[in-house]
Amino acid sequence: LQYTIDEGGGAFYGPKIDIKITDAIGRKWQCGTIQVDFNLPQRFEVEYVAEDNTRKQPVMLHRAILGSFERFIGILTEHYAGEFPLFIAPTQVIIVPISEVHNSYAKELQAKLLDIDIDTEVFDKNESLNKRIRTAEKQRVPFVVIVGDEEVEKNSVAIRDRRKKEQYNLSFEYFMVELSKQLNEGKI
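So in the numbering used here, the last one in the sequence shown is 188, and the numbering has no gaps at all.
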């Protein structure tokens with residue numbers, strides 16, 4: 001385990017160990033920490049009775065395995081440049097119906113995906129198809145699904161896979177099975 005000593009970098013209340021992680025582009029982020037605090041027990045007059053019946057002042061330990069939740073989410077966002085893996089993406093699938101007549105099919109697919117815990121949105125705003133697809137892709141979701149007449153007729157989906165940078169068609173049932181499989185495997 002590589003480590004360095006940060007002379008003078010300790011906190012005013014005592015020594016500490018900071019654990020830094022490196023993101024995808026080589027930046028270091030302080031995340032976890034273990035700190036020995038001699039100050040707070042004294043300030044709050046905290047004591048305990050030792051085995052020999054004398055009063056002693058304890059030493060307090062602070063620990064944060066991943067630092068704050070907010071810091072960890074920030075590091076994840078930086079590391080993945082907003083392109084989260086499927087298993088932690090806030091929205092995993094965005095369905096874009098080609099026209100208004102395909103909205104009900106899109107909502108039906110959304111309901112089925114939500115039933116198997118796939119976070120899904122339908123982009124059915126009154127905007128051009130290209131604008132809705134572009135908006136969906138800007139959100140960096142793992143899958144943008146486009147549905148039109150052919151997809152409704154065949155109970156299929158046209159998929160834009162962000163990670164593979166591919167477009168392909170699958171039956172909707174097969175797509176659901178593949179999504180579930182990827183989620184269970186926790187693929188990155």
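A virtual CB, placed ideally from N, CA and C, is assigned to each residue, including glycine.
Using the Cα positions of residue i and residue j, report the straight-line distance between them to the nearest angstrom.
{"i": "Leu66", "j": "Ile19", "result": "9 Å"}
{"i": "Gln57", "j": "Glu70", "result": "33 Å"}
{"i": "Pro110", "j": "Pro142", "result": "The amino acid at residue 110 is misidentified as Pro; the sequence shows Gln. C-alpha separation (whole angstroms): 15 Å."}
{"i": "Gln42", "j": "Asp52", "result": "21 Å"}
{"i": "Ala136", "j": "Ala158", "result": "14 Å"}
{"i": "Leu61", "j": "Thr22", "result": "25 Å"}
Once DSSP output is grouped into helix, strand and coil, what is the label at residue i?
{"i": "Gly74", "result": "helix"}
{"i": "Ala50", "result": "coil"}
{"i": "Val141", "result": "coil"}
{"i": "Tyr13", "result": "coil"}
{"i": "Glu108", "result": "helix"}
{"i": "Val157", "result": "strand"}
{"i": "Glu166", "result": "strand"}
{"i": "Thr4", "result": "coil"}
{"i": "Ser68", "result": "coil"}
{"i": "Ser128", "result": "coil"}
Relative to the C-alpha of residue i, which residue among the options is closest?
{"i": "Gln30", "options": "Phe72, Leu61, Ser99 and Phe143", "result": "Phe72"}
{"i": "Glu45", "options": "Lys138, Asn155 and Val59", "result": "Val59"}
{"i": "Phe12", "options": "Lys165, Gln35 and Val101", "result": "Gln35"}
{"i": "Ala24", "options": "Ala50, Arg63 and Thr77", "result": "Thr77"}
Handout entry: Meets three-Cβ-pair contact criterion under 8 Å: the stretch 86-98 and the stretch 142-152
Key = Taking a cut-off of 8 Å for Cβ pairs, the stretch 86-98 and the stretch 142-152 touch, as three or more such pairs fall below it.
Practice task
Indicate whether the contact test is met: 3 or more Cβ pairs, each with one atom in the stretch 100-120 and one in the stretch 158-169, closer than 8 Å.
Solution key: Counting Cβ pairs under 8 Å, fewer than three are found: no touch.
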